[in-house]
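So the sequence shown is numbered by full-length UniProt numbering: it starts at 1 and just counts up by one.
Positions of the beta carbon are idealized from the N, C-alpha and C atoms, including for glycine.
As the structure is a computational prediction, the values presented were derived from the model and not from experiment.
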Amino acid sequence: MDAVHSFLRSRRRFVAGLGAAVYSAAFPALLSANAAHAASAANPADAKQPAPAGAKLETVATFGDDFRLVGIGVSKAGRVFATAPSSVHRSRFSVVEVDLRSGSLLPFPDTRWNTYQPNRPGERQWISAQALWVDERDRLWVLDSSLPSIDQRLQPPKLVQFDIGKATPVRTYTFESAITPADSINDVRIDLQHGYAFISNAGNRGGVVVARLSDGRARLVLAGDRSSVSDPQQHLMFGDRVARKLDGQVLVLQTDGIALSPQRDWLYYRPLTDHHYWRAPIEALIDESLSPQALAKRVQYLGDYALTGGLLMGADGTLYGGDLEKRTVVALTLVARNGKPAFTQRTLVDEPGKVSWADGFALQNDYLYFADSHLHELNFSNGYPRKGRFAIFRVKLPPQPPGLFAG
């Protein structure tokens, strides 16, 4: 899902030896570990076919350099919200609603929240708003990752729930006990069935923040696990070039894209800079009695597929993501292969020259929306040359099954 702030965090020196050591120590046991869990391969509802390749791409909105788009959220009524996280560049606004008739940007929830003041507490202002999510009760959640360069005791990372109709905050969650300034929370999914938020950590040693919505209690789980740390043998590639940060270092980002299954029984996730896909049972993630080792044994490896950023799983069990290396959007269908869970991958959107970096995703009213953030043109020293405008696109999907937790 969605990662300007993660790139900023990644400028802090990543201890590559730690990542490589964690991964190389754990990966040899991967196949045997997953064999033990092969019996729970795929749910019948997960085996639906994705939308056919070549789905027609529609432009929802475009933006100039004064709003460097990353995250999106769409309400049931079709209201479109977007974020522009702060890195070396602070956009005119951080969170907006897009007026689809005029194309104008309306600061959300108001101008004061979108006017950054470094000496003011962070509770009622956006520091670096990263990701959005609209839950099945049509409430907007905004993930503000904060910044490593500021005093996070005054302006900590936060997750804010909003009443969309009233444009008022309902509750704010912070995660001081779970993360540090070396971490970089990146994307969020809300599970109302169990009452938890799941937040990916693209910095440091990766992992998933599990936050209980009833009281805000938060834990960072799977940090340093083989599934959370990018494989040091794989990289984000631009043709035959390894992606590098502006300072020339190889780009290494940990747990980034996440997605909830429609039945809210699995969390799918992956590091950004390799091709591996993973999932973990929700009941294990929220079980505080499990040791880190016991939880790690419940993780399932799904195989290597497109190197994607943002992820989203539809109500029919199809997993969608942007193929960052081929500049397309892919659809992955869960199957059982040799008694183990795996995916089949198809290209959903392939319009050369139009899609640049498919990032934040949303799904409403049988439309898949995604943000084209051009991150590789802005944040890498050897990416593609800058081309085109920031944009929100959408494609029509087959009717989603009723009775499931869509979105």
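In summary, Glu123 is exposed, with fewer than 16 beta-carbon neighbours lying within 10 Å of its beta-carbon over all protein chains present.
C-alpha of Ala306 to C-alpha of Asn119: approximately 42 Å in a straight line. Going by beta carbons, Pro107 and Val96 fall inside the 7 Å limit. With fewer than 16 other beta carbons inside 10 angstroms of its own, Gly339 counts as exposed.
Minimum Cα-Cα distance from Glu377 among the listed residues Tyr367, Val209, Val355 corresponds to Val355. Counting C-beta pairs with one atom in each stretch, the region 226-236 and the region 171-189 have fewer than three that are closer than 8 Å, which means they do not touch. With contacts defined by Cβ atoms closer than 7 Å, Ala84 and Ser94 form a contacting pair. Here the alpha carbon of Arg139 sits roughly 21 Å from the alpha carbon of Arg217. An exposed status is given to Gln193, since fewer than 16 other beta-carbon atoms sit within 10 Å of its beta-carbon. At a Cβ-Cβ threshold of 7 Å, Arg394 and Val142 do not count as neighbours. Here Asp66 is exposed, its C-beta having fewer than 16 other C-beta atoms within 10 Å.
Using a 10 angstroms sphere on the CB of Gly224, the tally of other CB atoms reaches 16 or more, which defines it as buried.
The DSSP assignment places complete beta strand (DSSP E) segments of no fewer than 3 residues inside the region 183-265 at 185-191, 196-201, 208-212, 218-221, 255-260, in order along the chain. With a minimum length of 4 residues, the unbroken runs of alpha helix (DSSP H) contained wholly in the region 315-396 fall at 375-379. Here Leu311 is actually not in contact with Tyr369; their C-beta atoms are around 14 Å apart, not less than 8 Å.
Judged by DSSP in its simplified three-state form, Gln155 adopts coil rather than helix or strand. Per DSSP, the unbroken beta strand (DSSP E) holding Ala61 starts and ends at 58-63. Secondary structure at Ala178: coil, using DSSP grouped into helix, strand and coil. For Leu295, the enclosing alpha helix (DSSP H) covers residues 292-297. Residue ranges of uninterrupted alpha helix (DSSP H) with 4 or more members are absent from the region 96-130; none lies entirely inside it. Proximity of the region 282-298 to the region 313-323 falls short of the contact definition, fewer than three beta-carbon pairs being nearer than 8 Å.
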